[in-house]
Amino acid sequence: MAYAYLFKYIIIGDTGVGKSCLLLQFTDKRFQPVHDLTIGVEFGARMITIDGKQIKLQIWDTAGQESFRSITRSYYRGAAGALLVYDITRRDTFNHLTTWLEDARQHSNSNMVIMLIGNKSDLESRREVKKEEGEAFAREHGLIFMETSAKTASNVEEAFINTAKEIY
Ligand code: GTP
Ligand code: MG
163 MAYAYLFKYI IIGDTGVGKS CLLLQFTDKR FQPVHDLTIG VEFGARMITI
213 DGKQIKLQIW DTAGQESFRS ITRSYYRGAA GALLVYDITR RDTFNHLTTW
263 LEDARQHSNS NMVIMLIGNK SDLESRREVK KEEGEAFARE HGLIFMETSA
313 KTASNVEEAF INTAKEIY
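Using our numbering, read the sequence shown as starting at 163 and increasing by one per residue.
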């Protein structure tokens, strides 16, 4: 299909936060309950429409495990958008955001749009990170922010599309 623009995205964040599930929900409208550890990098694509213009999103889903960090770094090149994901039920994944952000800023284009995502919003009873904390971190670092659920699909479309709107 013809498209007016091609935007490359990279999805980053700790292992198990739901990066691959967010991508699967966005491209296939499915949820994978089992953690299929990503090895290296996986790829997905989908077309979206903004202001009547067709935009192709080319999405690189990276491995969160520390041992893959150097591979991840090589995928920042040319990315117009990044989804930086943490898990609202695991405070350690929120604590690691500063490190992820340093890595992203160091290896990407300076105008890359970064969307901070607090994922697993369906698990309210197990929440360890308040929504306000995510908002404050985003404000402090100039990021856009949303809470999502890759399980219920809540805000998943919006996260990918709002990032594109910032780039556009
Ligand atoms: P790596 O590939 O190792 O970096 O992990 P990842 O960030 O890709 O995590 P993945 O998408 O594989 O999800 C990890 C686990 O969390 C899986 O068991 C998912 O089913 C679960 N999960 C992901 N997103 C959600 C969500 O929004 N809600 C709930 N309840 N579970 C989720
Ligand atoms: Mg994965």
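Glycine included, each C-beta is placed from N, C-alpha and C at the ideal position.
Note that the structure is predicted; figures quoted are calculated from it, not measured.
Taking 7 Å as the cut-off, one finds no heavy atom of ligand 1 near enough to the beta carbon of residue 278. As far as DSSP is concerned, residue 191 takes part in no beta bridge. Taking C-beta separations shorter than 8 Å and ignoring five residues to either side along the sequence, the partners of residue 241 in its chain run 170, 171, 172, 222, 270, 271, 274, following chain order.
Per DSSP, residue 216 is one residue of the beta strand (DSSP E) stretching across 215-224. For ligand 1, a non-hydrogen atom lies closer than 7 Å to the CB of residue 312. Near ligand 2, residues with a Cβ at less than 6 Å from any of the ligand's heavy atoms are 181, 182, 200, 223; the list follows chain order.
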